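S.K.: Can you read through this structure? Questions will come right after.
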Amino acid sequence: MATIAREAVPHDPARREQRQPTLREMIAERDRLTAETGHYYGVTELSLRDSDPIRYERFYSKLHAAVLAARESARFVAASPGSREMGECLWGIATPEGDTLAVSLGFLSHTVIFPTSIRYMADNDYDVNDGIEDGDVYAVSDGLTGGVPHPGDFYSFVPICIDGEIVAWAIGINHLMENGAPVAGSWATFSVDTFMDGLVCPPMRTGRKLKQESWWKAIWERRTRAATMNILDDKMRLAGCAMILKATHELIDEFGIEYYKRAIREVIEESRRMVVDNMRATLVPGTYNGCAFRLVKYEGLQNVWSHANKNTLIHVRGSVEPNENGLLLDAEGSSRWGYHSYNATPGGVDCAVFLGMINSFSHNTKVTAGIDLAVQRNYPKGSIYNPDNEYTSNANLWAQTVALNSIGFGAVNRAMFARGYLEEVFTVDGNWGAFQGAGTTADGTNYGFTNFEWLGGTGRGAWCYKDGEPLVWAAWSQMATIGDAEEFESTVPPLFYLGRKLLPGYFGYGRYRGGPGNSAVHWCVQPGRHVALTRPNGGLSCTPSVGIGMSGAYPGPGSFMISARGTNLDDLIAEGETPRDARELLAQVEAGALKVKNLEIWKTDCPELALKDNDLFVDAAGSSGGWGDPLERDPRLVIADLDSGICPDYEFVSNMHGVVAHRHDDGHWELDEDATRAKRALLREARLEESMPVENWWLAERARVERRDFAPEVNEMYAQSLSFAKFRTEFTRFWQLPGDFSFGEAEV
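Structure, rendered in structure tokens:
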């Protein structure tokens, strides 16, 4: 394929004799012109677009078609279930400097971090010392040098060159099923530094002429547990990149190299302008603050390194501030980095926060680096989002960094609500779930796995005018899907589904409720020599859901998991009454039908759980927050929820919404309108009786702050956040405290 591509290019002997600019020189020129003019690469006039818009759009449509075709073809050539079934993949094409030109469907926000790898290669003179040729293959999985969110995401970069000059990069990405860390799976929980993160590689050449070197296959086989699936994914990424390389050569052959060079810059500048216009039309000026928390529970759970044997409460702090150039996302006040797997690098944070930025502001333009140019970011050095230690682990950053995206996305939604764009406004969350692990079959074969189902599809939060929906939302992809159960059963041989369904009552309540979350029951059968799993998801942290509820609503409940080991499941199977979700399992245990020797409910990090025959593992995730006062919910909607069974507990629902109803013999509920009005009046009176003036609340809380009357983890969290000037100023001014007030020295 590489030979075909090169033959299609009209080589110019004069160009071959010229010294082509180095990557370092191209990036410096891009940076200089963009800074001096405020326009990408100094493009102040969209001359190609304005002179011949049809040709210009045809040019871009061919670029876009190439990356779309790569995705829809390559993942069916060779791929793991995560890429083929779940769509946890993406292909793109970037400028020589790494700026995104076009991307396929998939997790779009990864596109903002393409330049990180290219800048690293430029700064280290890859093209000068080693040479970069058409069809070379580079692998990247490192957060610091490549911007990769976590090592479970793997990138392939293929340079596209003409007469020795790099003119583009074809890029393929996918989420690995297992990446070789001490804790098996895609996200290495309990990793305390990057040396425990798994297969982490800076940008490195692994092949030439669209063919991987033999040693690269050996790396997958020796350093990861899911070698077969990882090799398939590697071939998938490269196959898509090969398609993009060929299409780009043909595009340059048709339009000419000079048109190509000008057009790619105009495309990015055009989209930058449209994104800024969208921001101005959407956002109300001001500062939108938000916060979230993530408990890291390492103390005593397993034998981690002594300096990491502690619990940490991560403070996720973010503000969105619109300005004339777009907007500023400021994370100052977030916690400092720590010896745990939840740190991030600036590239990884970008990957998270641009989920909302792209969805909010690139909906009517080309998805390019233009969005990157319109969002300024402040990730203070030393914080959890920009560590001043280059060896921090970022294996599981997604579990808390997605919260920063939800803060930003939620700020945008509040602004749109203020503008009256009601159909675009909903409660944003990223309350995802997954489980991962490894095993050894009876014949000694090792394998690793990740089950992505509750990452692929979660409940969308309530809209400002209707209930949220289940399983239709994934902030990181346009195509929410939970995949086929059979695919995951083949990926994890000993685990079979006893049930997979929406979990009744599992959402945030309000005038409009959030979309219900999901639950599945996994049955362990003939585990071979060993099988064990962990749970790395973001909502599993004993802290409130990120989507805290809007306009008086409740947040969605956090994710959780249940391990039931040593059961009498054979007896239940004989009776045909096995549990199908978390609620049913707990009900059967309470009734005595399901007997369990070791029952544990996990709401935060759990050690690796080994499973035996007839053990059960239950997970629940994907709940979402509500919108509006629950006492304002239309009683007819409450009756509908009772009839459908999505709200199974009448007493709870009656007290939540103030609705009184009676159940008929046929199971249907009938509203008592008079009693409902009376009960709602009583509940409102009770609110007033339980409330206090804000001044009294403030005085009581201020006294508590002065006493430092918090759990040790909270005191430590405040000590870290107060080490950043902006948060210290906000905190001490709000509580009217001396400027040197502290919670002690911030520890790492």
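Each residue of the sequence shown is one higher than the one before, starting from 408 at the first, in the numbering used here. Glycine included, every Cβ here is placed at the ideal spot set by N, Cα and C. The model shown is predicted, which means the values in this text are computed figures rather than measured ones.
1. Using the Cα positions of V1101 and W1142, report the straight-line distance between them to the nearest angstrom.
2. DSSP three-state label for L735, please.
3. Give me the residue from E1092, S548, G935, M968 with the minimum Cα distance to D1020.
4. If you run the structure through DSSP and keep just helix, strand and coil, what is M528?
5. Are the beta-carbon atoms of L708 and P1119 separated by less than 7 Å?
6. For A435, report the span of its alpha helix (DSSP H) as first-last.
7. V1162 and E673: beta carbons closer than 7 Å?
8. My output table needs one value for W930: the three-state DSSP class, helix, strand or coil.
9. Measure the Cβ-Cβ separation of I500 and I675 and say whether it is below 7 Å.
10. Taking 7 Å as the limit between beta carbons, can you name the residues of its chain near M823, skipping five residues before and five after?
11. With distances taken Cα to Cα, identify the nearest neighbour of P787 among E1113, R1115, G725.
12. Is G921 closer than 7 Å to G1170 when the C-beta atoms are compared?
13. Have a look at the DSSP bridge pairing and note the partners of M957.
14. Quick check: what's the CA-CA separation for N853 versus N766?
15. Could you tell me which residues DSSP puts in a beta bridge with L909?
16. With respect to the alpha helix (DSSP H) encompassing C698, which residues constitute its N-terminal and C-terminal limits?
17. Quick test of the definition: if touching needs 3 or more C-beta pairs under 8 Å, does the stretch 788 to 801 touch the stretch 738 to 754?
18. Give a yes or no on whether the C-beta atoms belonging to C496 and N581 are separated by under 7 Å.
19. What does a CB cutoff of less than 6 Å around E464 pick up in its chain, not counting 5 residues either side in sequence?
20. Could you tell me which residues DSSP puts in a beta bridge with Y854?
21. Between the alpha carbons of T865 and S1030, how many angstroms are there, rounded?
22. What distance in whole Å lies between the Cβ atoms of G912 and G963, which are believed to be in contact at a cut-off of 8 Å?
23. Extract the residue ranges of the alpha helix (DSSP H) inside the stretch 468 to 551, only unbroken runs of 4 or more that lie entirely within it.
24. Near I434, what residues of its chain come up, given a Cβ to Cβ distance below 7 Å and the 5 sequence neighbours on each side ignored?
25. So, helix, strand or coil for F1138, using DSSP?
26. In the DSSP assignment, find the alpha helix (DSSP H) that holds A1107 and state where it starts and stops.
27. Pull the bridge partners of L1006 from the DSSP assignment, please.
28. Less than 7 Å between C-beta atoms, sequence neighbours within five positions excluded: which residues of the same chain meet that for S966?
29. Do L1016 and A939 have their C-beta atoms closer together than 7 Å?
30. Given a threshold of 16 other Cβ atoms within 10 Å of its Cβ, counted over all protein chains shown, does Q807 qualify as buried or as exposed?
31. Could you tell me if I955 is buried or exposed, where buried requires 16 or more neighbouring beta carbons within 10 angstroms of its beta carbon?
M.R.: Straight from the coordinates:
1. So the two alpha carbons sit approximately 13 Å from each other.
2. strand
3. G935
4. helix
5. No, they are not a contact pair.
6. 430 to 444
7. Any question about residue 1162 goes unanswered here, given that the chain covers just 408 to 1155.
8. strand
9. no
10. T689, E831, V832
11. G725
12. Nothing in the structure corresponds to residue 1170, since the chain is present only between 408 and 1155.
13. W1034
14. 40 Å
15. For L909, which the question treats as bridged, DSSP gives the partners N925.
16. Unbroken run through C698 is the beta strand (DSSP E), 695 to 704; no alpha helix (DSSP H).
17. yes
18. A distance below 7 Å separates the beta carbons of C496 and N581.
19. none
20. Residue pairing by DSSP places Y854 opposite G846 in a beta bridge.
21. 7 Å
22. At roughly 11 Å, the Cβ-Cβ gap does not stay under 8 Å, so G963 and G912 are not in contact.
23. 488 to 491, 521 to 530
24. E504, R526, A529
25. helix
26. 1101 to 1114
27. A971
28. Cβ within range, chain order: N838, G840, N944, G946, L947, A1027, A1028.
29. yes
30. buried
31. Buried is the call here.
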